[in-house]
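Written below as structure tokens is the structure these notes are about.
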């Protein structure tokens, strides 16, 4: 029996081909690999089979909302760096079965791109959407935008600093695999 699209969970939905995906862009356009290459298949496996909590499913939904704007604001040099610093390592961890660390690195990489590319003061709708996801919309109705913006940027700074340090220590265990 086929499920209707509206009955499917968010990560069961296939993204609209017209909507850009930065994992695909970093792999296909910047690295010249095919869409069905091993790194993308591993990243999709992680997303479709290992990201099952409510928060993770919500993150996947947010990804599909914001990814097209991130793609439009990056160039191939930035995608090459994203590939080298993040996606290559994420897929190596998936191959090792280190799904939790792969998810953490995926979340960190995504948050880094969000911070750099779509949380400028003029990005009101995007900032509000990320604020709603990351801070559960606390005070969104009554706090002025400029305060919400400042809170979001501070939260991203603190969160990314913490995750960078934490992941740096954890990744030492896998340094040989991740620095190939």
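Residue numbers (the UniProt record's numbering): 1 to 180.
All residues carry an ideal CB built from backbone N, CA and C; glycine is no exception.
- The Cβ-Cβ distance between residue 124 and residue 114 does not fall below 8 Å.
- Within the region 79-129, the complete alpha helix (DSSP H) segments of 4 residues or longer fall at 88-95 and 99-117, listed in chain order.
- Here the region 81-100 makes no contact with the region 54-62; the two share fewer than three CB pairs at distances below 8 Å.
- Residue 61: member of the alpha helix (DSSP H) spanning 54-72, first to last residue.
- Residue environment: residue 83 is assigned as buried (16 or more neighbouring CB atoms within 10 Å of its CB, all protein chains considered).
- For residue 152, the enclosing alpha helix (DSSP H) starts and ends at 145-171.
- Assigned with DSSP and collapsed to three states, residue 76 falls in helix.
- The beta carbon of residue 117 sits closer than 6 Å to the beta carbons of 70 and 73 from its chain, once the five residues preceding and following it are set aside; these are given in chain order.
- Pairing residue 36 with residue 128, the inter-Cα distance amounts to about 34 Å.
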